[in-house]
Amino acid sequence: MYIDGHWISDRDTFTVFNPATGEKIGEVIDGNASDARSAIDAADRASATWSSTTAYERSQILYRTHQLMMKEQSALAELMTTEQGKPLKAANNEVKYAGDFLLWYAEEAKRIYGETIPSARADQRFLVHKQPVGVVAAITPWNYPISMITRKLAPALAAGCTVVLKPAESTPLCAVAVIKLLEEAGLPSGVVNLITGRDPQPIGDEFCTNPKVKKLTFTGSTAVGKALAQKCAPQLKRVSMELGGHAPFIVFDDADPVHAAKGVSLVKFLNTGQACISPNRIFVQRSLLEPFLNTLSQRVSALKAGNGLHPENSIGPLINERALEKVEKQVNDAIAKGAILHAGGSRETGDGLDAGFFYSATLLSNVNPEMIIYREETFGPVAAVIPFDNEDEVIDMANDTHYGLAAYIYTNNLSRGLRVFEQLNFGIIGVNDINPTSAAAPFGGMNESGLGREGAREGINEYLETKLGGFSI
Ligand code: NAP
Numbered sequence: 396m397y398i399d400g401h402w403i404s405d406r407d408t409f410t411v412f413n414p415a416t417g418e419k420i421g422e423v424i425d426g427n428a429s430d431a432r433s434a435i436d437a438a439d440r441a442s443a444t445w446s447s448t449t450a451y452e453r454s455q456i457l458y459r460t461h462q463l464m465m466k467e468q469s470a471l472a473e474l475m476t477t478e479q480g481k482p483l484k485a486a487n488n489e490v491k492y493a494g495d496f497l498l499w500y501a502e503e504a505k506r507i508y509g510e511t512i513p514s515a516r517a518d519q520r521f522l523v524h525k526q527p528v529g530v531v532a533a534i535t536p537w538n539y540p541i542s543m544i545t546r547k548l549a550p551a552l553a554a555g556c557t558v559v560l561k562p563a564e565s566t567p568l569c570a571v572a573v574i575k576l577l578e579e580a581g582l583p584s585g586v587v588n589l590i591t592g593r594d595p596q597p598i599g600d601e602f603c604t605n606p607k608v609k610k611l612t613f614t615g616s617t618a619v620g621k622a623l624a625q626k627c628a629p630q631l632k633r634v635s636m637e638l639g640g641h642a643p644f645i646v647f648d649d650a651d652p653v654h655a656a657k658g659v660s661l662v663k664f665l666n667t668g669q670a671c672i673s674p675n676r677i678f679v680q681r682s683l684l685e686p687f688l689n690t691l692s693q694r695v696s697a698l699k700a701g702n703g704l705h706p707e708n709s710i711g712p713l714i715n716e717r718a719l720e721k722v723e724k725q726v727n728d729a730i731a732k733g734a735i736l737h738a739g740g741s742r743e744t745g746d747g748l749d750a751g752f753f754y755s756a757t758l759l760s761n762v763n764p765e766m767i768i769y770r771e772e773t774f775g776p777v778a779a780v781i782p783f784d785n786e787d788e789v790i791d792m793a794n795d796t797h798y799g800l801a802a803y804i805y806t807n808n809l810s811r812g813l814r815v816f817e818q819l820n821f822g823i824i825g826v827n828d829i830n831p832t833s834a835a836a837p838f839g840g841m842n843e844s845g846l847g848r849e850g851a852r853e854g855i856n857e858y859l860e861t862k863l864g865g866f867s868i
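Residue numbers for the sequence shown follow our numbering, beginning at 396 and rising by one.
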């Protein structure tokens, strides 16, 4: 843990495991609510000085951190693969994506503009000023263990906020590595603090109830996000919530089924399906089903599960036994209710894979609303294909979820693409595009997928208050 510029090492620890091999890879301090309080006090003390630095000074630290992160890209990627499981190539991509937030907000720090507004009174001037919200508490998940941290820290620091971060229990080593880069880049003591811990609840409770914390930013499951938002409500703390998703992927009959199937195979199995924007319900217009499924089942059958450090493997392990059991349950339930299995469908145990949490890349078709997989976020390597007949029907089916994070449309008809884009209730929509994300673009969900946006200009506004000055002259 890192509090007020000091690394804390003389305390009880917990063990971090490699999900591919079950091996121990590190020991991390098991922090508690009292540590969280100390970290919040440190962030609060650092706040006055940090918020009065110039945007140019804050920008320099973010630039330097970006440079250090890119210099360490390979080492960070290897650590990520060992701690979280994703294949090395994907881990390298994530480190680059994480660095993009540092770079984007190093630039955006200098563009925190206020405005003047004309008044109806000749003797009055309105001045709108932006100022940092103050101490920010940040909670991050394990599935993107570096980029989910920089997506919060970079805009918070650029805005002039100080931060206390609690990363996921499964991936604290990646968080330690990021904080070391900020330290090396010259970030002053207390500006960012790190609390690691096995039991998140007491730390989360301290974040939500300590009056010195002015904002909570959370990425994780909808259930935990709702509970935290409720705990923040009595003090009306600002909250940003990046929560779960259940993305529809719609393939219309004017699309190229081979191209669309290739798109699904690339995006669905990224990070072993453990992504909030992973396509969970793949709607295919009935006349395209056969060519689409032919291509997709060939591609899915070719995906090899194994330790992500070896380049031939494109399906890493799931994060833990619970995640594996959830996937098994969804697949078994779907098959029992009439889904057709085209590829995969079981736990991988050969060649020593039983030491990790591997599930084969799986393709199901004939999926219907009675199945758990139709409603519940999958978070595993399972592509679930559902037939549809017309545009109105599929828009209703796609919107029939309490989530609203990402959606994808494949069509070669521009009017249809625009029409469907407008009618889908999701925060991020890829039209013939499987990667509609970037540090420069707003990321976030509608409905129970969240509140607020990360990345882009919106991302820094989440850490700023608006102050109006009315001047009589
Ligand atoms: P999670 O169980 O909600 O955990 C997320 C974070 O919250 C972890 O740091 C966790 O700590 C902590 N946490 C859990 N219970 C808590 C409590 N009572 N009080 C305070 N903190 C608590 O979610 P996850 O399984 O790690 O992540 C997967 C979820 O994140 C999926 O639903 C996914 O869709 C979502 N996600 C969303 C986005 C987005 O941008 N919208 C991005 C990535 C992931 P521990 O690890 O110690 O339990």
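The beta-carbon is built from N, C-alpha and C at its ideal position, and this holds for glycine as well.
Status (buried if at least 16 other CB within 10 Å, exposed otherwise) for residue i
{"i": "L863", "result": "exposed"}
{"i": "E478", "result": "buried"}
{"i": "P629", "result": "exposed"}
{"i": "F752", "result": "buried"}
{"i": "F866", "result": "exposed"}
{"i": "A618", "result": "exposed"}
{"i": "V815", "result": "buried"}
{"i": "G733", "result": "exposed"}
{"i": "S810", "result": "exposed"}
{"i": "V571", "result": "buried"}
{"i": "I872", "result": "Missing from the structure shown is residue 872; the chain here goes from 396 to 868 and no further."}
{"i": "K632", "result": "buried"}
{"i": "Y508", "result": "exposed"}
Element boundaries [alpha helix (DSSP H), containing residue i]
{"i": "G854", "result": "851-856"}
{"i": "N727", "result": "716-731"}
{"i": "H461", "result": "450-466"}
{"i": "P883", "result": "Nothing about residue 883 can be reported from this structure: the residues present for the chain run from 396 to 868 only."}
{"i": "S660", "result": "652-663"}
{"i": "A532", "result": "That residue, A532, is in no alpha helix (DSSP H); its beta strand (DSSP E) goes 530-534."}
{"i": "P595", "result": "595-604"}
{"i": "S446", "result": "428-446"}
{"i": "T416", "result": "Note, T416: premise wrong, no alpha helix (DSSP H); not H, not E."}
{"i": "Y769", "result": "767-770"}
{"i": "E578", "result": "567-579"}
Within 7 Å, strictly: CB atoms of residue i and residue j
{"i": "K872", "j": "C603", "result": "Shown here, the chain extends from 396 to 868; a query on residue 872 therefore has no answer."}
{"i": "G585", "j": "A431", "result": "no"}
{"i": "V558", "j": "A551", "result": "yes"}
{"i": "R459", "j": "A580", "result": "yes"}
{"i": "F838", "j": "G850", "result": "yes"}
{"i": "I424", "j": "R406", "result": "yes"}
{"i": "G747", "j": "K481", "result": "no"}
{"i": "S833", "j": "G799", "result": "no"}
{"i": "L474", "j": "L704", "result": "no"}
{"i": "A493", "j": "S542", "result": "yes"}
{"i": "T614", "j": "T535", "result": "yes"}
{"i": "P652", "j": "F687", "result": "yes"}
Rounded C-alpha distance that separates residue i from residue j
{"i": "A670", "j": "E601", "result": "28 Å"}
{"i": "L713", "j": "P414", "result": "7 Å"}
{"i": "E489", "j": "A729", "result": "32 Å"}
{"i": "N588", "j": "D399", "result": "7 Å"}
{"i": "N761", "j": "I781", "result": "6 Å"}
{"i": "A501", "j": "A554", "result": "10 Å"}
{"i": "E513", "j": "I868", "result": "According to the sequence displayed, residue 513 carries Pro and not Glu. Using only the alpha carbons, I get a separation of about 14 Å."}
{"i": "F412", "j": "A533", "result": "23 Å"}
{"i": "S454", "j": "S446", "result": "13 Å"}
{"i": "W402", "j": "R681", "result": "59 Å"}
{"i": "S696", "j": "G745", "result": "16 Å"}
{"i": "Y858", "j": "A750", "result": "43 Å"}
{"i": "P706", "j": "T416", "result": "16 Å"}
{"i": "V531", "j": "P776", "result": "34 Å"}
{"i": "K657", "j": "E510", "result": "47 Å"}
{"i": "F664", "j": "A486", "result": "14 Å"}
{"i": "N708", "j": "W537", "result": "20 Å"}
{"i": "T690", "j": "F647", "result": "16 Å"}
{"i": "S692", "j": "T410", "result": "39 Å"}
{"i": "N605", "j": "T449", "result": "28 Å"}
{"i": "T796", "j": "L611", "result": "26 Å"}
{"i": "A836", "j": "G854", "result": "9 Å"}
Endpoints, the beta strand (DSSP E) within which residue i is located
{"i": "F521", "result": "519-527"}
{"i": "P643", "result": "642-646"}
{"i": "Q680", "result": "674-680"}
{"i": "M636", "result": "633-637"}
{"i": "T410", "result": "408-412"}
{"i": "F783", "result": "777-783"}
{"i": "N588", "result": "587-589"}
{"i": "V558", "result": "557-561"}
Residue i: CB within 6 Å of a non-hydrogen atom of the ligand PLP
{"i": "T614", "result": "With respect to the ligand PLP, the structure offers nothing, as its ligand set consists of the ligand NAP."}
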